[in-house]
Every structure is written in C-alpha cells, then in structure tokens.
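Read in the working numbering, the sequence shown has 1 at position 1, and its numbers run on one by one without any break.
All remarks here apply to the structure that follows.
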Amino acid sequence: MMEMIKDLWKFLRARKKWWLLPVILVLLVVGALLVLTSGTAVAPFVYTFF
1 MMEMIKDLWK FLRARKKWWL LPVILVLLVV GALLVLTSGT AVAPFVYTFF
C-alpha cells in the first residue's frame with residue numbers, strides 16, 4: 001500500500017498533475033465514509049447523498 005502511495009506521489013511530482021490530488025482525496029474520503037458507515041444506523045442517511 002505504501003509503495004503505491006509513493007509511486008502516486010512521484011507521478012504527481014514528475015508530471016505536474018496537481019489537479020489530480022483533490023480528486024484522489026475526495027474519492028478516498030467518500031470511500032472511507034461508505035466503508036465506515038456501512039454497518040451502522042447512519043448508513044441509510046449516508047446513502048441518500050448518493
């Protein structure tokens with residue numbers, strides 16, 4: 001996992017693709033939100049956003 005993050009960071013620095021960083025961060029936050037709330041009582045409220 002850490003190797004993939006290092007490779008992604010090297011890619012962003014070498015290719016100057018800084019606009020990808022917010023996209024990746026939003027995808028990670030949404031993914032974490034879905035995973036962490038999937039088994040709780042909050043899940044029906046989270047799924048209404050999507």
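Think of the CB as a built atom: it goes at the ideal place given N, C-alpha and C, for glycine as much as any other residue.
Three-state secondary structure assigned by DSSP to Val-30: helix
Nearest-angstrom Cβ-Cβ length linking Leu-21 and Leu-12, presumed shorter than 8 angstroms: 6 angstroms
When Trp-18, Ala-14 and Tyr-47 are compared against Gly-31, the one with the closest alpha-carbon: Tyr-47
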